[in-house]
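Protein chains in written order, with my numbering: chain A, 1 to 415; chain B, 1 to 415. Heads up, the beta-carbon is just placed ideally off N, CA and C, and yes, glycines get one too. Note that the coordinates shown come from a computational prediction; the quantities given were computed from them, not determined experimentally. Worksheet: the structure to be examined is printed underneath.
Number of protein chains: 2
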Amino acid sequence: MRGKADSDLVRRQNRHIVLEALRSYGPMARVDLGKMTGLSPASITTITTQLIGEKVMLELDEAPDRSDPSRRGRPTTRVNLNPFAARIIALKISISGLELVLVDFSGEIITRKKVSLATYEMGADEFNRHTLHIIQTFLDENKLEAEDVAHIGVAAQGVTDSVLGTIAWSPAFKQRNIPVVGPIEQKFGVRCTIANDANMIAEGVMAADGYSYDGTAAVVFMGYGVGMGLVIDGKVYHGATGAAAEFGHMNHIPNGASCRCSRAGCLEAYASDYGILRSAENRSDQSPPPSSAVDPAVMLALENAARGGDIDAAAAYAKAGRAIGFGLARMIALLNPDRIVLAGPGTRALDLIEPALRAAIEEGVVEALRAQVKIETAPINTDMIVTGTIAATLRYLDSTVFSNGPMKLQVESLL
Amino acid sequence: MRGKADSDLVRRQNRHIVLEALRSYGPMARVDLGKMTGLSPASITTITTQLIGEKVMLELDEAPDRSDPSRRGRPTTRVNLNPFAARIIALKISISGLELVLVDFSGEIITRKKVSLATYEMGADEFNRHTLHIIQTFLDENKLEAEDVAHIGVAAQGVTDSVLGTIAWSPAFKQRNIPVVGPIEQKFGVRCTIANDANMIAEGVMAADGYSYDGTAAVVFMGYGVGMGLVIDGKVYHGATGAAAEFGHMNHIPNGASCRCSRAGCLEAYASDYGILRSAENRSDQSPPPSSAVDPAVMLALENAARGGDIDAAAAYAKAGRAIGFGLARMIALLNPDRIVLAGPGTRALDLIEPALRAAIEEGVVEALRAQVKIETAPINTDMIVTGTIAATLRYLDSTVFSNGPMKLQVESLL
DNA sequence: TAATTTAATTTGACGTCTAAAATAATGTTG
DNA sequence: CAACATTATTTTAGACGTCAAATTAAATTA
């Protein structure tokens with residue numbers, strides 16, 4: 001149960017839904033904000049006036065829209081989030097290196113930059129030395145001081161701990177429990193949060209339809225690894241420590257194929273790029289997984305071989321599909337979602353995977369449970385991890401900082 | 001995102017938390033309500049005055065508390081939920097029949113009654129004819145009209161659909177998709193809801209500590225079947241159609257042991273009473289499961305045999321533990337909970353099950369994920385299903401009916 | 001009996017919302 | 001082109017709910 005309600009809560013909540021409407025649907029007129037949020041025109045006036053006064057919002061200076069000639073009356077003036085209200089950095093840490101994206105408050109990308117970094121053999125200290133330097137350089141290149149940045153949102157591949165601010169385990173690192181948030185906050189004095197990359201994909205998918213979805217969905221990522229982002233009652237679910245939905249390392253077969261995480265039988269060991277490749281090449285399930293990503297060209301060739309009649313390759317994809325299908329069946333039994341979204345480069349081979357996947361779901365879970373669930377595919381080309389990290393970070397800022405209103409001056413001390 | 005906020009929301013929310021405080025902690029003084037809810041004494045006065053006026057609450061007429069002789073000042077007068085504000089019926093449908101419990105608004109049980117009913121062979125119509133008659137008799141016995149009952153909360157064993165108000169699949173019925181809510185609402189004109197029994201156990205566990213827990217927990221029921229209630233961010237999670245957490249029918253081994261649900265490899269086929277018995281008797285995993293519950297005495301004997309050195313029996317319990325352990329490992333990978341509660345008669349044999357269970361969890365999920373989770377055992381004797389159903393139903397009434405305030409009179413039509 | 005202590009209510013101010021009225025900015029029409 | 005119509009936005013006045021502070025209530029203590 002949430003706590004007590006008072007006029008403070010009312011103000012925060014209503015400011016929040018106004019910001020959220022602009023965040024999801026872009027610039028709009030005050031009337032439309034009213035329709036969107038259910039607030040009266042009077043309240044919208046009050047709220048927008050305040051937000052504009054705080055420089056969080058601005059009135060767009062544009063010529064009236066004449067596209068509909070039958071339109072009468074006073075023309076609208078649209079308002080939008082003020083791009084200069086804040087800047088954030090989204091930082092993606094993956095097996096191939098770092099990606100930095102500088103974004104303004106309205107969500108517009110200002111610059112982005114990729115830096116490859118061979119992280120696997122690095123210890124935590126060395127990694128952080130590099131990372132902090134790369135961030136500093138990125139700031140310098142954009143003529144920014146650290147205090148110009150309101151938040152740094154990190155998305156990392158693997159198991160992240162959002163409470164400790166660490167990467168608990170990742171295929172990009174030999175070492176475990178690498179602190180990330182601490183060093184960044186310490187060096188730059190900027191608030192920082194970390195999340196799992198698959199959760200950020202889920203965030204991206206939700207952002208794509210304006211966070212209008214409010215059911216339970218699972219977003220599956222297939223590629224160099226297998227991940228999942230869970231959306232529960234419309235909100236991306238993070239679990240006790242932000243490490244929820246480690247679908248790739250959910251056990252498929254007890255004592256089964258060996259996985260990068262040094263365990264046996266994980267789903268990923270059957271359905272990731274390297275798992276599929278291993279099966280296709282008829283190597284034993286127990287043969288050790290590689291420490292680096294499989295070359296995408298190799299996977300492309302394998303797909304085509306499977307389509308061209310290579311029986312071993314086709315069987316490898318079917319095996320992957322069966323593994324994912326059983327994983328989904330188990331997930332469905334637990335969570336009874338209404339939607340499953342398949343995403344990531346692995347969906348390119350969906351034609352090869354899907355029959356076995358669907359058969360496994362049918363085999364693995366009662367009809368009553370799976371009948372409702374819709375399976376969709378998300379576009380694979382867009383960089384959902386970055387998009388999602390940006391959306392999540394900005395939404396977080398909206399709710400924590402900008403919904404509250406301006407700092408109250410502490411005048412008492414003057415008396 | 002929730003909708004807009006206004007003074008209406010404020011009133012509902014604050015009335016709600018006041019009701020909730022009394023619901024969880026019982027009668028208390030207005031001062032304490034203030035401390036509990038964070039509301040000012042003035043607001044508490046306003047709210048309690050209104051609730052008392054609406055006969056939802058009442059002031060207790062009791063002698064001042066003299067237990068602490070050093071206590072000075074005006075004595076408190078405690079208030080409580082008015083038992084006569086409403087009555088509810090909790091109805092439990094299980095393989096052994098129906099159980100009806102009449103409860104007043106303060107949560108006090110007025111009467112309860114068990115009726116055994118051989119439901120398995122019944123069709124939906126016959127079952128409902130019996131059920132409606134049993135409810136009618138129960139009302140008559142307590143000299144109640146249907147309209148004296150504010151809500152009927154049903155807990156059923158198996159897969160329930162809270163949207164359609166049906167039992168989608170249950171071991172108590174041969175037939176599928178049995179409508180329950182519809183017939184009851186139609187005949188008695190009383191609002192009715194249905195939920196899965198394991199979810200109601202979870203509700204009971206949460207109620208037991210005053211709904212103060214707000215993390216993610218899984219409550220596992222072990223007995224004639226295997227069930228799970230999931231608590232996500234402090235709320236019992238029901239999924240898209242109320243059929244969440246069908247842990248017992250989550251697949252354990254593809255193409256594995258045959259289950260009552262007519263599928264193969266479900267966890268329940270290894271870890272329920274009949275599954276354990278089947279293994280202990282060295283019958284094949286494929287041999288058909290029984291259609292009725294295993295006699296508790298048989299299970300008790302089996303436990304003692306296992307403890308007394310019967311190797312087959314001990315192995316059966318270990319096999320059950322391993323199945324549950326892998327199921328939990330998979331659940332942990334998906335949901336990263338901080339708490340697992342084991343409940344139900346099956347926990348009596350926990351000594352036999354636990355080693356294999358813990359080993360399986362270790363084998364089945366990365367350390368980073370399982371390190372946080374605490375495994376507890378709930379008392380097995382209390383009837384958690386009924387307790388939980390009552391708690392859930394009353395809380396539902398609190399939030400839907402009694403938080404709103406009295407009906408507004410529609411005076412306009414008089415003009 | 002008067003002072004003290006704690007509980008509960010009353011009073012007056014404050015913040016936010018809303019409906020209705022007023023104002024603003026445009027198009028339409030005779 | 002002036003008056004009217006239309007749509008957007010702001011202003012005004014009133015409603016509702018909270019809270020701090022003052023007041024009243026009901027007990028104990030001295």
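Stretch pair the region 249–266 of chain B + the region 314–329 of chain B: three plus CB contacts closer than 8 Å: yes
Within chain A, the residues that G239 of chain B reaches when beta carbons sit closer than 8 Å: T216, L335, N336, P337
CB contact below 7 Å: M250 of chain A versus chain B: Yes, because at least one Cβ of chain B sits closer than 7 Å to the Cβ of M250 of chain A.
Limits of the unbroken alpha helix (DSSP H) element including T111 of chain A: Where T111 of chain A is concerned, there is no enclosing alpha helix (DSSP H), although the beta strand (DSSP E) it sits in stretches over 109–116.
Reduced DSSP category for G227 of chain A - H, G, I as helix; E, B as strand; rest coil: It is a strand residue.
Bridge partner(s) assigned by DSSP for H151 of chain B: B:I88
Alpha carbon of A368 of chain B to alpha carbon of T160 of chain A, nearest angstrom: Taking the straight line joining both Cα atoms gives about 9 Å.
Residue-level contact to chain B via CB, Q13 of chain A, 7 Å cutoff: Against chain B, the CB of Q13 of chain A has a partner CB under 7 Å away; the residue lies at that interface.
Rounded C-alpha distance that separates F173 of chain A from E121 of chain A: 7 Å
Beta-carbon spacing of G388 of chain A, M222 of chain A below 7 Å: no
Separation of A269 of chain B from Y237 of chain B, as counted between CA atoms: Cα-Cα distance, rounded: 24 Å.
Neighbourhood of A349 of chain B by C-beta distance below 7 Å, restricted to the same chain and skipping five residues each side: E303, Y317
Cβ-based contacts, 8 Å cut-off: residues of the region 337–371 of chain A near chain B: Per Cβ criterion, the list reads P337, D338, A360, E363, G364, V365, V366, A368, L369.
Same chain, Cβ closer than 7 Å to S403 of chain B, five either side skipped, listed in chain order: R12, R15, H16, L19
6 Å Cβ shell around A329 of chain B - same chain, five flanking residues per side excluded: I361, G364, V365
Own chain, CB closer than 7 Å to E185 of chain A, minus 5 neighbours either side, in chain order: Sequence-distant partners of E185 of chain A (beyond 5 residues in either direction) whose C-beta falls short of 7 Å from its own C-beta, in its chain, are R191, C192.
Cβ-based burial, Y25 of chain A [other Cβ within 10 Å; buried from 16]: exposed
F188 of chain A - DSSP class collapsed to helix/strand/coil: Helix at F188 of chain A.
Neighbourhood of S272 of chain B by C-beta distance below 6 Å, restricted to the same chain and skipping five residues each side: G225, V226
Beta-carbon neighbours of K35 of chain B, restricted to chain A and to distances below 8 Å: The contacting residues do not exist; K35 of chain B stays about 12 Å from chain A at best.
Collapsed DSSP secondary structure at K55 of chain A in the structure displayed: Residue state, collapsed to three classes: coil.
Simplified DSSP state of P179 of chain A, which is helix, strand or coil: Of the three classes helix, strand and coil, the one that applies to P179 of chain A here is strand, per DSSP.
Residue-chain proximity (F326 of chain A, chain B), Cβ-Cβ < 7 Å: yes
Same chain only: Cβ atoms within 8 Å of A356 of chain A, ignoring 5 sequence neighbours per side: Excluding residues within five positions, the ones whose Cβ falls inside 8 Å are Y317, A318, K319, A320, G321, R322, G325.
Neighbourhood of P289 of chain A by C-beta, 8 Å cutoff - its chain only, sequence neighbours within 5 removed: S258, C259, R260, A269, Y274, G275, R278
Buried or exposed by the 16-neighbour rule on C-beta atoms within 10 Å, applied to T49 of chain B: exposed
Below-7 Å beta-carbon distance, P254 of chain A vs any chain B residue: True, the Cβ-Cβ gap to chain B drops below 7 Å.
Residues near G182 of chain B in its chain [Cβ-Cβ closer than 7 Å; skip 5 each side]: G165
With 16 other Cβ atoms within 10 Å as the buried cut-off, status of L394 of chain A: L394 of chain A counts as buried, since at least 16 other C-beta atoms from the protein chains shown sit within 10 angstroms of its C-beta.
Listed by chain order, chain B residues near M455 of chain A by CB distance under 9 Å: The displayed coordinates of chain A run from 1 to 415. Any statement about residue 455 of chain A would go beyond what the structure contains.
Enclosing alpha helix (DSSP H) for R330 of chain A [first to last residue]: 311–335
Local conformation of D6 of chain A per DSSP, three classes: coil
Cross-chain neighbours of G38 of chain A in chain B, by beta carbon under 9 Å: At a C-beta separation below 9 Å, G38 of chain A has these neighbours in chain B: G3, K4.
Reduced DSSP secondary structure (H/G/I, E/B, other) of D104 of chain B: When secondary structure is reduced to three states using DSSP, D104 of chain B falls in the strand class.
Straight-line Cα distance separating R176 of chain B from V79 of chain A: 55 Å
A195 of chain B and A155 of chain B closer than 7 Å at C-beta: yes
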